[in-house]
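Have a look at the structure below, then the notes.
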Amino acid sequence: MSQYKTVLVAIDLSDESGQVALRAQAIARAGGCELHVIHVIEPLSFAYGVDIPMDFSGLQDEIQSQATEQLQRFAEQNGIDADHQHIVLGRAEVEIHAMAEEVGADLIVLGSHGRHGLSLLMGSTANGVLHGAKCDVLAVRVGKQN
1 MSQYKTVLVA IDLSDESGQV ALRAQAIARA GGCELHVIHV IEPLSFAYGV DIPMDFSGLQ
61 DEIQSQATEQ LQRFAEQNGI DADHQHIVLG RAEVEIHAMA EEVGADLIVL GSHGRHGLSL
121 LMGSTANGVL HGAKCDVLAV RVGKQN
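Per UniProt numbering, the very first residue in the sequence shown carries number 1; after that it's consecutive.
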């Protein structure tokens with residue numbers, strides 16, 4: 001296996017993010033890699049698939065503020081430097097690809113729920129990241145274990 005230099009771990013701040021971070025940390029420690037963490041906040045208009053006729057900027061700001069606090073706590077608990085913490089607004093797969101290029105990541109680590117059937121056909125963040133990445137991607141199985 002080739003030696004990685006920079007690992008980007010993408011988390012959704014769920015309880016399962018710890019599993020993903022542990023895997024990324026193990027790889028980073030073993031290879032002496034830099035470890036960056038990203039959390040992407042999708043704008044409310046993305047969540048509903050249309051432009052919303054009301055102004056939700058206050059709510060969006062509150063979501064971003066809470067996510068920033070959660071990411072800072074998460075990063076502190078996992079020993080990730082403040083300058084390696086990234087919160088961005090946009091579509092997850094697009095922003096993860098952009099951040100991977102920006103930090104020079106040669107490995108992206110993220111969680112995957114291992115969806116099947118209709119959920120798989122509709123796509124997932126892990127699938128979107130995998131198919132557009134210019135570097136290696138490790139999808140860590142999270143959630144229910146069979």
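The beta-carbon is built from N, C-alpha and C at its ideal position, and this holds for glycine as well.
- Beta-bridge pairing by DSSP links Gln-85 to Val-37.
- DSSP, read as helix, strand or coil, puts Ala-105 in coil.
- Across the structure, Leu-107 and Glu-69 are spaced so that their CA atoms are roughly 25 Å apart.
- Within the same chain, and ignoring the five residues on either side of Asp-136 in sequence, the residues whose Cβ sits closer than 8 Å to its Cβ are Tyr-4, Asp-106, Leu-107 and Ile-108.
- Burial of Glu-93 is indicated by the presence of at least 16 other C-beta atoms within 10 angstroms of its C-beta.
- In chain order, Leu-35 and Val-37 place their CB closer than 7 Å to the CB of Ile-80, counting only its own chain and leaving out the 5 sequence neighbours on each side.
- Burial state of Glu-95 is buried, judged by a 10 Å Cβ sphere holding 16 or more other Cβ atoms.
- With respect to Asp-15, His-39 sits apart: the two C-beta atoms are not nearer than 9 Å.
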